[in-house]
Amino acid sequence: MTVNYDSVQAACRLVAEALNRPEGDIAPEASIHTIPAWDSLGHVRVLLAIESAIGRPLSSDAIATVISVADIAAILAAEATGGQ
Amino acid sequence: MAGMEKIRAIELETERFSLIPIRPLSLVLPTLHWAKDGDAFVDLGWRTSGWTARRWWRHLRHLTRGSRMCHGIWLRSGRHCIGLHLVNASALSRTATIGVLIGEKDWWGKGVVTEVREVILEDCFERLKLERVWAQAQVRNMASVYNHRKLGFTHEGTLRSAVIAGDGARVDMLVFGMLRAEWSARRQGVSGRDG
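Chains as they are written, first to last, in our numbering: chain A, 6 to 89; chain B, 144 to 338.
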C-alpha cells in the first residue's frame, strides 16, 4: 500500500474539518502531539470522520494506533486500494 | 520498593487539581450519584448498576486496601471531588495497573485525565520506583484511547470481546503500557515510541 499525495491531502482535509480548523493549519506531519485543538473530544470527531469516510467502523487496532495525519492517510490509501 | 504490601498514597498537586488519598466513608454520599449512573464504570470493570450506599462504601474501601491506592480528584478552587484515580501495584513484578473515573460529566473532555496522569505517573516511577505501568480502555471509548496515546503509552495488544458495554454488546479492550525507560525518555524531551 502506498501513501500518496491525494491520501495525505484527504487526511489533512478530514482532520481540519473534524477539528473545525482551516485546512492550511493541518500539516502532513501533524499529530495529537502538535495540534492543540486535537484534544480528546477532537480525537473522537477525527475517528468518527474516518469511519464515515471509509463507510465502516475502524478495527480495534486502528482505533488504538491512529494519532497522526500520516496514520489517517495510510488508512485512506489502503481503502482506496481495496482494504485496510 | 520496600513495603509494597501496603503502599502509601500521598497528596499530589496539578495546576487545577489536588489529588488526595480518599477517605471512603466521607466520600460515599457526595459521589453515590456516579455509581447510580455507571456510564464511566465499564472501562474499570465495575458493575454498572445495582449500587447502594453500603455497596459503594465497601467498594471505595476496597480501593484503598493492600497494594492499592486511590486518590480523589478535587478541584483546587472550590474543593469539589470530580473523580477518582486508582493504582494497583504488584510488589513481585514492580508493575501497576491504573484506572481513572471522572464521575462529574461536566468535566469530560476537559483534559482532566492527562493532567492528573502526569503526576500519577511521576509518583509511580519516581517515588514508588515501578518498572511498568499499564491500563486498559474499552475500544469505543475513543477519548480514553486518546488520553493514553497523548501521554506516550504504547498499544500493547487487544483483548477481543473482553467486556460487556453499557448497551449489552461485547467489545474489545485495548491494553496500553509504559515502561520506566519510556517515561524517562519522555521526561527528557525525547519522544517515546508512538507505535
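C-beta atoms are modelled at their ideal positions from N, C-alpha and C, and glycine is treated no differently.
Verify whether the separation of the beta carbon atoms of residue i and residue j is less than 8 Å.
i                      : j                      : result
residue 240 of chain B : residue 277 of chain B : yes
residue 315 of chain B : residue 301 of chain B : yes
residue 51 of chain A  : residue 8 of chain A   : no
residue 319 of chain B : residue 280 of chain B : yes
residue 161 of chain B : residue 251 of chain B : no
residue 164 of chain B : residue 228 of chain B : no
residue 323 of chain B : residue 294 of chain B : no
residue 298 of chain B : residue 39 of chain A  : no
residue 224 of chain B : residue 157 of chain B : no
residue 288 of chain B : residue 263 of chain B : no
residue 47 of chain A  : residue 81 of chain A  : no
residue 77 of chain A  : residue 292 of chain B : no
residue 282 of chain B : residue 244 of chain B : no
In whole angstroms, give me the CA-to-CA distance for residue i and residue j.
i                      : j                      : result
residue 290 of chain B : residue 154 of chain B : 22 Å
residue 14 of chain A  : residue 33 of chain A  : 8 Å
residue 172 of chain B : residue 219 of chain B : 20 Å
residue 29 of chain A  : residue 10 of chain A  : 15 Å
residue 152 of chain B : residue 226 of chain B : 16 Å
residue 167 of chain B : residue 181 of chain B : 18 Å
residue 270 of chain B : residue 211 of chain B : 15 Å
residue 257 of chain B : residue 45 of chain A  : 10 Å
residue 159 of chain B : residue 248 of chain B : 17 Å
residue 199 of chain B : residue 235 of chain B : 29 Å
residue 178 of chain B : residue 68 of chain A  : 28 Å
residue 184 of chain B : residue 22 of chain A  : 31 Å
residue 64 of chain A  : residue 55 of chain A  : 11 Å
residue 61 of chain A  : residue 84 of chain A  : 11 Å
residue 307 of chain B : residue 208 of chain B : 27 Å
residue 203 of chain B : residue 221 of chain B : 23 Å
residue 232 of chain B : residue 267 of chain B : 9 Å
residue 86 of chain A  : residue 49 of chain A  : 25 Å
residue 329 of chain B : residue 265 of chain B : 11 Å
residue 79 of chain A  : residue 16 of chain A  : 9 Å
residue 195 of chain B : residue 327 of chain B : 42 Å
residue 284 of chain B : residue 169 of chain B : 30 Å
residue 206 of chain B : residue 53 of chain A  : 35 Å
residue 201 of chain B : residue 150 of chain B : 19 Å
residue 58 of chain A  : residue 35 of chain A  : 19 Å
residue 193 of chain B : residue 253 of chain B : 29 Å
residue 145 of chain B : residue 274 of chain B : Annotation note: pLDDT 47 at residue 145 of chain B (below 50); position unreliable, coordinate value reported separately. Those two C-alpha atoms are separated by around 14 Å.
residue 335 of chain B : residue 255 of chain B : Because residue 335 of chain B sits at a pLDDT of 44, beneath the cut-off of 50, its placement in the model cannot be relied upon, and the following sentence gives the value as read from the coordinates. Between residue 335 of chain B and residue 255 of chain B, the C-alpha separation is close to 22 Å.
residue 176 of chain B : residue 191 of chain B : 12 Å
residue 321 of chain B : residue 331 of chain B : 15 Å
residue 12 of chain A  : residue 197 of chain B : 55 Å
residue 305 of chain B : residue 325 of chain B : 27 Å
Could you pull the DSSP bridge partners for residue i from this structure?
i                      : result
residue 156 of chain B : B:161
residue 217 of chain B : B:161, B:224
residue 245 of chain B : B:226
residue 231 of chain B : B:211, B:240
residue 319 of chain B : B:278, B:298
residue 73 of chain A  : A:36
residue 307 of chain B : B:313
On the premise that residue j lies in contact with residue i, defined as a C-beta separation below 8 Å, what is that separation, rounded to the nearest angstrom?
i                      : j                      : result
residue 272 of chain B : residue 237 of chain B : 7 Å
residue 186 of chain B : residue 246 of chain B : The pair is not a contact, with the Cβ atoms about 13 Å apart (cut-off 8 Å).
residue 37 of chain A  : residue 74 of chain A  : Not confirmed; about 10 Å, so no contact.
residue 26 of chain A  : residue 42 of chain A  : 6 Å
Query raised in the report: Which full runs of the beta strand (DSSP E) of 3+ residues lie inside the segment 24–67 of chain A, going along the chain?
Result: You should have found no qualifying run.
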